[in-house]
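Enquirer:
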Amino acid sequence: MRRAGSRATGIVAIAVSVVVFLVPFAFIFLTASKDASSASRLEFTWPTQWAFTENLTEVLTTRDGIVVRAFLNSTVLTVVSVAVMVVLAAMVGYLLQRRKSRLNPVVNFFVLAGLIVPPAVVPTIWVLQQTGLFKTMPGLILIEATFGLSFCVLLFRAFVATIPRELDEAAIIDGAGPLRLFFAVILPLLRPVIITIVVVQAVNVFNDFTNPLYFLPGDENATVQLTLYNFQSQMVSQFNLLFMDILLITVPPLVMYIFFNRQIVAGMTSGAVKG
């Protein structure tokens, strides 16, 4: 009876997953393959005339290739932001777990505050303007890295707790300094949680809409999410091109989740039980 119940639960879960994830993706693909008149009806139907290649070409060439520039900007933003998060959060998480001091409660308070307190847009813009980083890629990289740092620190701190302290002591006895101890001994052991953070935060940064809109305006600085404005306005909406753009934006995060699904789960759960 229990096995039958488990199988039934699994079948129901698979069916729900298909409805929730695959059906919307199929709707996006079909709409992106239609001509303008058919796509405007927003019907879940097979295209009467396939226009996938034409729509793809038009999306990539619109406004002197703004979508291509947006993909390059989003790639640079994602890679650099995630790299900053990984390095800084790993260091902070390691120190919070290994070295107990009076400052730990204060640091923990600010880490939790970073998860709870909503970002203040106007003061952040003022700070960026005063430092000359407003409307610049380095400024937005700092914004993305800062907003994602708290989540990363919590994961790293939980995972470091599973690493025996004897490894630190053995490395110190062998003459390793603080930097060599961290980068040569500890950081390679953090690979599962690093993969988790890279995938999760890369998807968050790549799909971010509000931060580029507020802190990095302008066509030259456009990211992939902002290109959706090119095909939808108050008066006219080109749904075939809009859904083609959505399809292009959806593919990279989807591929990352498909290939790194197991590593994500392992990294999220590895710090749940202290070894």
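Those letters in the sequence shown? Residues 1 to 275, per UniProt numbering, in order. Virtual Cβ for every residue (Gly too), placed ideally from N, Cα, C. All of these numbers come straight from a predicted model, not from anything done at the bench.
Who pairs with Ser-237 in a beta bridge, going by DSSP?
Expert: Translated into positions along the sequence shown, residue 237 becomes position 237. According to DSSP, which records beta bridges pairwise, Ser-237 is partnered with Gln-232.
Enquirer: Taking 7 Å as the threshold (beta carbon to beta carbon), is Leu-189 in contact with chain B?
Expert: Among the chains in the structure shown there is no chain B, since it carries only a single protein chain.
Enquirer: Suppose the cutoff is 8 Å on Cβ atoms and the five residues either side in sequence are ignored; what does the same chain contact list for Phe-259 look like?
Expert: Here the question's residue 259 lines up with position 259 in the sequence shown. The answer is none, since no qualifying residue turns up.
Enquirer: Quick one: what's got a C-beta closer than 8 Å to Met-256's C-beta in the same chain, skipping five residues either side?
Expert: Against the sequence shown, residue 256 aligns to sequence position 256. Here the set comprises Val-199, Ala-202 and Val-203.
Enquirer: For Ala-89, tell me which candidate among Leu-155, Phe-29, Gly-139 and Ser-40 has the shortest Cα-Cα distance.
Expert: Residue numbering aside, residue 89 sits at position 89 when the sequence shown is read from its first letter. Among Leu-155, Phe-29, Gly-139 and Ser-40, the Cα nearest to that of Ala-89 belongs to Leu-155.
Enquirer: Hey, Ser-81 and Ile-125: beta-carbon distance below 7 Å or not?
Expert: As a working note, residue 81 is residue 81 in the sequence shown. As a working note, residue 125 is residue 125 in the sequence shown. No, they are not a contact pair.
Enquirer: Which residues mark the beginning and the end of the alpha helix (DSSP H) in which Phe-27 is found?
Expert: As a working note, residue 27 is residue 27 in the sequence shown. First-last of the alpha helix (DSSP H) with Phe-27: 23–32.
Enquirer: Use the C-beta contact count for Arg-157: other C-beta atoms within 10 angstroms, 16 or more gives buried, fewer gives exposed.
Expert: Stepping through the sequence shown from its first residue, residue 157 is reached at position 157. Label assigned to Arg-157: buried.
Enquirer: In whole angstroms, what is the alpha-carbon distance linking Leu-128 and Tyr-214?
Expert: On the sequence shown, position 128 is the one that residue 128 refers to. On the sequence shown, position 214 is the one that residue 214 refers to. Cα to Cα, Leu-128 sits roughly 11 Å from Tyr-214.
Enquirer: Is it a yes or a no for the region 158–170 touching the region 92–99, going by three-plus beta-carbon pairs under 8 Å?
Expert: Touching, per the Cβ criterion.
Enquirer: Would you call the region 236–252 and the region 25–33 touching, i.e. three or more CB-CB distances under 8 Å?
Expert: These segments touch.
Enquirer: Give the list of continuous alpha helix (DSSP H) stretches no shorter than 4 residues that lie fully inside the region 47–118.
Expert: Correct list: 52–61, 66–98 and 104–116.
Enquirer: Mind the definition here: the region 65–76 touches the region 189–197 only if three or more C-beta pairs lie below 8 Å; say whether that holds.
Expert: Contact fails: fewer than three Cβ-Cβ distances are below 8 Å.
Enquirer: Pull up the distance between the alpha-carbon of Phe-183 and that of Leu-149, whole angstroms please.
Expert: Numbered from 1 along the sequence shown, position 183 holds the residue referred to as residue 183. Numbered from 1 along the sequence shown, position 149 holds the residue referred to as residue 149. One C-alpha to the other measures close to 19 Å.
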